[in-house]
């Protein structure tokens, strides 16, 4: 169907989902050995090696809320293609709690909550798709703060 977009619904907490376009998800992989990075914010969990790249791993919920999120049940990470300076950081990873699923989105399915307060620059928009609340992350902002944290 020409008027639909393929997205991936990613659970980031028991209650919260983020919606990303399928095109920027490189892969969802098992959570590997995490290499800690000294003196970084609590939302930057460390780095994993994926296909020869050292990828920074973020906890989206901690970044979006400013609160520490317990990540005991980490089983996977979503490898996300960068939109900005791809020479410096072509990919980064986001913690996935649960199983991501394909979400076909049509214009009639998507309700944008424009009046909702977005307390965080990490949230581009809050939406409802078929009665399920979700957040659309601000990927450019996430890349920006990742670069700041890694350069510090």
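Residue numbers (my numbering): 1 to 152. Glycine residues also receive a C-beta, built at the ideal position from the N, C-alpha and C atoms.
1) At 4 residues or longer, and completely inside the segment 27 to 84: list those alpha helix (DSSP H) runs for me, N to C.
2) With a CB to CB cut of under 7 Å and the five nearest residues on each side skipped, what residues in its chain are close to residue 124?
3) Could you pull the start and end residues of the alpha helix (DSSP H) that residue 135 belongs to?
4) With respect to the beta strand (DSSP E) encompassing residue 96, which residues constitute its N-terminal and C-terminal limits?
5) What residue range does the beta strand (DSSP E) around residue 21 cover?
6) Look at residue 78 and residue 129 and say whether their C-beta atoms are less than 8 Å apart.
So, from the data block:
1) Taking only runs of at least 4 residues, the alpha helix (DSSP H) segments lying wholly in the segment 27 to 84 are 60 to 65.
2) Excluding positions up to five away in sequence, the list reads 136, 137 and 138.
3) Note, residue 135: premise wrong, no alpha helix (DSSP H); beta strand (DSSP E) at 132 to 137.
4) Unbroken beta strand (DSSP E) run through residue 96: 91 to 96.
5) From DSSP, the beta strand (DSSP E) with residue 21 extends over 17 to 21.
6) With respect to residue 129, residue 78 sits apart: the two C-beta atoms are not nearer than 8 Å.
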